[in-house]
Amino acid sequence: MTPAEATRPVPIVPALLGALAIAAALSGCGGANGDPHRFEAMADQVAAIEVPLTPEATDRGHSSPAEASGLRPARFSAMKVAVMDPHAMWDARDDRAGVRRVADDAGLRDAVIRTAQPAVRAAAPALARETLAPAPPDVGLRRPQSGRTIQLGAYSSAEAARQAWGRLKASADLAALTPVYESVQVQGRTLTRLKAGPVSPDAAAALCRAASVAEDWCARNG
37 MTPAEATRPV PIVPALLGAL AIAAALSGCG GANGDPHRFE AMADQVAAIE VPLTPEATDR
97 GHSSPAEASG LRPARFSAMK VAVMDPHAMW DARDDRAGVR RVADDAGLRD AVIRTAQPAV
157 RAAAPALARE TLAPAPPDVG LRRPQSGRTI QLGAYSSAEA ARQAWGRLKA SADLAALTPV
217 YESVQVQGRT LTRLKAGPVS PDAAAALCRA ASVAEDWCAR NG
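Per this note's numbering, residue 37 is the first one in the sequence shown, and the count goes up by one each step.
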């Protein structure tokens with residue numbers, strides 16, 4: 037039996053109604069006569085009724101109530117099920133509704149390109165100049181032209197040394213000095229020494245005190 041056959045209604049209601057009518061008649065007769073086997077007779081009568089279980093058997097035997105009433109019988113057809121991802125489902129919905137897809141609209145695509153091209157052309161030269169412009173020289177890597185330097189500290193990175201110099205140069209005594217960042221290896225570690233100059237040998241000790249650096253290596257640095 038196919039799923040369509042299993043779900044197709046079978047007109048068994050008339051047969052059941054007939055069986056109930058026979059059962060009621062037998063029950064009445066049995067009650068009147070006092071027959072102790074009346075229930076067995078009722079069961080035999082009901083079991084003898086032929087009830088069609090398939091549409092074909094019904095068509096061969098009796099006409100359906102719809103046909104007897106002059107109505108068109110119901111027709112069943114197989115349902116088609118398709119598994120679709122959301123994008124394909126939206127495209128299929130738009131196709132059924134007659135909606136035009138943006139990807140297929142060459143006119144809209146060309147209009148967008150024509151609108152964006154002038155802005156792209158105008159921005160291209162400025163972007164190229166910015167990309168090819170040389171980086172400004174790091175003045176902190178150049179040693180002062182004359183005099184000596186003092187060492188203000190050693191830091192774990194060049195960025196930490198620059199931040200320290202930003203704090204130290206706020207002092208009026210250090211504002212005129214030029215920072216120097218020197219990378220060194222100390223016990224397997226890479227450190228960045230922060231130095232400043234030029235200073236005279238006589239002013240070195242005073243500048244170290246102004247920077248709150250009490251170690252002797254501050255003023256001894258050359």
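Glycine included, C-beta positions come from ideal geometry on N, C-alpha and C.
These figures come from a predicted structure and were not determined experimentally.
Our contact map puts residue i next to residue j with C-beta atoms below 8 angstroms; I'd like the distance itself, whole angstroms only.
i: VAL222; j: ALA232; result: VAL222 to ALA232, Cβ: 20 angstroms. No contact.
i: ALA255; j: ILE186; result: 6 angstroms
i: ALA190; j: LEU243; result: The pair is not a contact, with the Cβ atoms about 17 angstroms apart (cut-off 8 angstroms).
Under the DSSP definition of a beta bridge, which residues are partnered with residue i?
i: ARG184; result: VAL235
i: GLY189; result: LEU230
i: GLN223; result: Its beta-bridge partners do not exist; DSSP assigns none.
i: PRO215; result: ALA232
Would you tell me roughly how many angstroms separate the C-alpha atoms of residue i and residue j, rounded to the nearest one?
i: GLY67; j: VAL82; result: Note on GLY67: pLDDT 49, under 50, position unreliable in the model; the coordinate value appears next. In a straight line, the C-alpha of GLY67 is about 18 angstroms away from that of VAL82.
i: ALA152; j: HIS123; result: 28 angstroms
i: ALA84; j: ALA77; result: 11 angstroms
i: GLY183; j: LYS205; result: 19 angstroms
i: VAL148; j: ALA155; result: 12 angstroms
i: VAL119; j: ARG132; result: 17 angstroms
i: ALA200; j: LEU213; result: 14 angstroms
i: ALA158; j: VAL117; result: 54 angstroms
i: TRP253; j: ALA162; result: 49 angstroms
i: ALA160; j: ASP130; result: 39 angstroms
i: ASP121; j: ASP127; result: 10 angstroms
i: ALA79; j: MET125; result: 57 angstroms
i: ARG111; j: HIS73; result: 45 angstroms
i: ALA240; j: ARG203; result: 19 angstroms
i: ARG150; j: MET115; result: 48 angstroms
i: GLU86; j: SER113; result: 28 angstroms
i: PRO172; j: GLU251; result: Low local confidence applies: a pLDDT of 46 at PRO172 is under 50, so the model's placement there is unreliable, and no value is given.
i: VAL220; j: SER207; result: 27 angstroms
Could you check whether residue j and residue i sit closer than 7 angstroms to each other, using their CB atoms as the reference points?
i: GLU218; j: ARG229; result: yes
i: VAL249; j: LEU210; result: no
Can a CB atom of chain D be found closer than 7 angstroms to the CB of residue i?
i: TRP126; result: The structure shown has no chain D; it contains just one protein chain.
Below 8 angstroms, can you find three or more Cβ-Cβ pairs linking the stretch 235-244 to the stretch 191-203?
No, the stretch 235-244 is not in contact with the stretch 191-203.
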